[in-house]
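Just so you know, the protein sequences line up as chains A and W, in that order.
The working numbering puts the first sequence at residues 7 to 143.
The working numbering puts the second sequence at residues 7 to 143.
Backbone N, C-alpha and C define an ideal beta-carbon position, used for all residues, glycine too.
All of these numbers come straight from a predicted model, not from anything done at the bench.
To start, the structure under review is shown below, and the notes come after it.
2 protein chains.
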Amino acid sequence: MVNKAEYDAFLARCPSRQLLDRIADKWVTLALAALRSDCAGEPRPMRYSELARTLAGVSQKMLTQTLRALERDGLVTRTVVPTVPVTVTYELTALGLSLHDTVRGLKAWAETHMDDVLTNRASYDTVRSGAGDPPRS
Amino acid sequence: MVNKAEYDAFLARCPSRQLLDRIADKWVTLALAALRSDCAGEPRPMRYSELARTLAGVSQKMLTQTLRALERDGLVTRTVVPTVPVTVTYELTALGLSLHDTVRGLKAWAETHMDDVLTNRASYDTVRSGAGDPPRS
DNA sequence: TGCGTTACGAACTTTAAGGTGCCTACTTCC
DNA sequence: GGAAGTAGGCACCTTAAAGTTCGTAACGCA
Numbered sequence: 007m008v009n010k011a012e013y014d015a016f017l018a019r020c021p022s023r024q025l026l027d028r029i030a031d032k033w034v035t036l037a038l039a040a041l042r043s044d045c046a047g048e049p050r051p052m053r054y055s056e057l058a059r060t061l062a063g064v065s066q067k068m069l070t071q072t073l074r075a076l077e078r079d080g081l082v083t084r085t086v087v088p089t090v091p092v093t094v095t096y097e098l099t100a101l102g103l104s105l106h107d108t109v110r111g112l113k114a115w116a117e118t119h120m121d122d123v124l125t126n127r128a129s130y131d132t133v134r135s136g137a138g139d140p141p142r143s
Numbered sequence: 007m008v009n010k011a012e013y014d015a016f017l018a019r020c021p022s023r024q025l026l027d028r029i030a031d032k033w034v035t036l037a038l039a040a041l042r043s044d045c046a047g048e049p050r051p052m053r054y055s056e057l058a059r060t061l062a063g064v065s066q067k068m069l070t071q072t073l074r075a076l077e078r079d080g081l082v083t084r085t086v087v088p089t090v091p092v093t094v095t096y097e098l099t100a101l102g103l104s105l106h107d108t109v110r111g112l113k114a115w116a117e118t119h120m121d122d123v124l125t126n127r128a129s130y131d132t133v134r135s136g137a138g139d140p141p142r143s
């Protein structure tokens with residue numbers, strides 16, 4: 007693999023790759039969806055603990071890490087409110103909102119085509135393990 | 007994390023998540039793009055070795071693994087041609103083509119917005135490490 | 001008679017991501 | 001005075017993914 011380094015550099019700089027690496031993150035799209043308040047009305051700021059409850063199953067570490075990354079990229083804003091015990095709210099930016107809208111294109115594809123994919127997958131698996139042809143001529 | 011298992015199960019069954027897991031794979035989108043012959047005209051069947059050359063930097067293992075996954079999902083077809091040393095060609099299916107078109111939506115977003123993201127990222131990093139405010143109030 | 005080609009399979013090693021648990025500072029409430 | 005809640009930081013551990021290496025079968029060729 008002679009040019010692996012160059013190739014990695016190429017991959018690392020490719021905008022599409024960077025985007026994929028960001029949104030493929032396990033919690034990123036869920037956080038976007040939560041902040042978007044997908045299931046109920048308007049986007050609104052949410053508190054850290056509220057997000058933690060909404061994304062059931064996320065660890066504190068991963069939630070913090072995810073939110074930091076999103077803030078760093080300008081996809082959400084982080085606001086510290088100096089209340090009694092300090093509270094922090096997160097809110098989607100315009101950029102984050104537009105990203106989430108784009109991701110919904112993927113969601114649409116998934117919802118209309120993933121059944122086909124799963125069917126293909128199942129039939130592939132049965133043909134492979136069933137008494138079809140001995141592995142491969 | 008009481009309901010972690012249930013949550014994982016939920017995630018595992020979510021069509022959007024499954025799709026993301028598939029296309030976020032390092033080589034999947036590149037393979038789709040290659041088979042689509044993105045840079046030059048019409049989609050056409052390609053040989054294994056041709057793909058290996060096009061996706062410079064891919065290991066044989068990962069290429070095989072990627073193509074198998076795509077075949078399993080019905081996104082590409084695999085055709086064995088019994089020539090002297092056996093050759094194998096891969097071609098996008100209609101499903102694979104439609105997926106790639108969807109992914110190009112992401113590409114479009116990335117190309118128009120990733121610069122903003124990178125700018126945000128850079129300024130975030132300088133504010134954090136520079137002599138701005140001591141870490142956080 | 002080896003050597004090279006094609007398209008892999010299997011085993012082994014390395015590396016990165018994700019998860020868990022323990023810690024903090026501040027204040028208020030019991 | 002001690003517990004509880006808020007929003008994390010830090011360090012360790014475990015597992016899953018990616019990469020590397022070696023081997024294979026069939027054949028053509030020098």
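- Query: For a contact meaning CB atoms closer than 7 Å, what does A:GLY111 contact in chain W?
  - Reply: Those are THR108, GLY111, listed as they occur along chain W.
- Task: Starting from the Cα of W:ALA62, find the closest Cα among A:SER129, A:ALA15, A:TYR130 and give me that residue.
- Result: The option with the nearest alpha carbon to W:ALA62 is A:ALA15.
- Scan the segment 56-85 of chain W for residues whose Cβ lies nearer than 8 Å to a Cβ of chain A and list them as they occur along the chain. Taking 8 Å as the Cβ-Cβ cut-off, the segment 56-85 of chain W approaches chain A at ALA62, GLY63, SER65, GLU77, ARG78, ASP79, GLY80, LEU81, given in chain order.
- Task: Can you tell me the Cβ-Cβ gap for W:ARG84 and W:VAL94, rounded? I've got them flagged as a contact below 8 Å.
- Result: Rounded, the Cβ-Cβ distance is 6 Å, consistent with contact.
- Message: Can you look up W:ARG19 in the DSSP assignment and give me helix, strand or coil?
- Response: W:ARG19 sits in a helix when the DSSP states are folded into three classes.
- Sequence ranges, beta strand (DSSP E) only - wholly within the segment 45-91 of chain W, length at least 3: Counting only runs of 3 or more, we get 82-87.
- Item | Sheet register partners of A:VAL94 (DSSP bridge) | DSSP, once it has assigned bridges, lists A:VAL86 as partnering A:VAL94.
- Task: Could you tell me the boundaries of the alpha helix (DSSP H) in which W:THR35 lies?
- Result: Start and end: 34-41.
- Out of A:ARG19, A:LEU36, A:LEU69, which has the shortest C-alpha to C-alpha gap to W:LEU26? Residue A:LEU36 holds the alpha-carbon nearest to the alpha-carbon of W:LEU26 among A:ARG19, A:LEU36, A:LEU69.
- Query: So, does the CB of A:SER43 fall closer than 8 Å to a CB anywhere in chain W?
  - Reply: It does not: the Cβ of A:SER43 has no partner Cβ on chain W nearer than 8 Å.
- Item | Within chain W, partners of A:THR35 - CB distance below 9 Å | Near A:THR35 (Cβ distances below 9 Å), the residues of chain W are SER22, ARG23, LEU26.
- Task: Quick one: list the residues of chain A neighbouring W:MET120, beta-carbon separation under 8 Å, in chain order.
- Result: Simply PRO21, GLN24, LEU25.
- Query: Cβ of A:VAL123 less than 8 Å from any chain W Cβ?
  - Reply: Yes, A:VAL123 counts as interfacial toward chain W.
- Query: Can you name the residues of chain W whose CB is closer than 7 Å to the CB of A:ARG127?
  - Reply: Close partners of A:ARG127 in chain W (Cβ separation under 7 Å): ARG78, ASP79.
- Answer yes if the segment 46-59 of chain A comes into contact with the segment 93-108 of chain A, meaning at least three C-beta pairs across the two stretches below 8 Å, and no otherwise. Taking a cut-off of 8 Å for Cβ pairs, the segment 93-108 of chain A and the segment 46-59 of chain A touch, as three or more such pairs fall below it.
- Message: Residues of the segment 89-108 of chain W in Cβ contact with chain A at a cutoff of 8 Å, in chain order, please.
- Response: Flagged, chain order: LEU101, SER104, LEU105, THR108.
- Could you say which of W:ASP122, W:LEU76, W:ARG59 lies nearest to W:ALA30 if we only look at CA atoms? Looking at the Cα atoms, W:LEU76 is the closest of the given residues.
- Message: One question on the structure: do W:GLY111 and A:GLY111 come within less than 8 Å of each other, judged by their Cβ atoms?
- Response: For W:GLY111 and A:GLY111, yes; Cβs fall inside 8 Å.
- How long is the line joining the alpha carbons of W:LYS67 and W:VAL82, rounded to whole angstroms? When rounded, the distance between both Cα atoms is 18 Å.
- Item | Sequence-distant residues of the same chain with beta carbon closer than 6 Å to W:VAL64, five excluded per side | So the qualifying residues of the chain are TRP33.
- Item | As assigned by DSSP and simplified to three states, the class of W:SER31 | In the sequence under discussion, the amino acid at residue 31 of chain W is Asp, which differs from the Ser named in the question. W:ASP31 falls in the coil class under three-state DSSP.
- May I ask you to report which of helix, strand or coil DSSP gives W:THR118? Three-state result, W:THR118: helix.
- Task: State buried or exposed for A:ARG74, treating a residue as buried only when at least 16 other CB atoms are found within 10 Å of its CB.
- Result: When all chains shown are included, A:ARG74 counts as exposed.
- So what does DSSP say about W:THR125, is it helix, strand or coil? Three-state DSSP puts W:THR125 in a helix.
- Query: Distance, Cα to Cα, W:SER22 vs A:HIS119?
  - Reply: C-alpha separation (whole angstroms): 10 Å.
- Spell out whether any CB of chain W is found under 8 Å from the CB atom of A:TYR54. Answer no: the Cβ-Cβ gap between A:TYR54 and chain W never drops below 8 Å.
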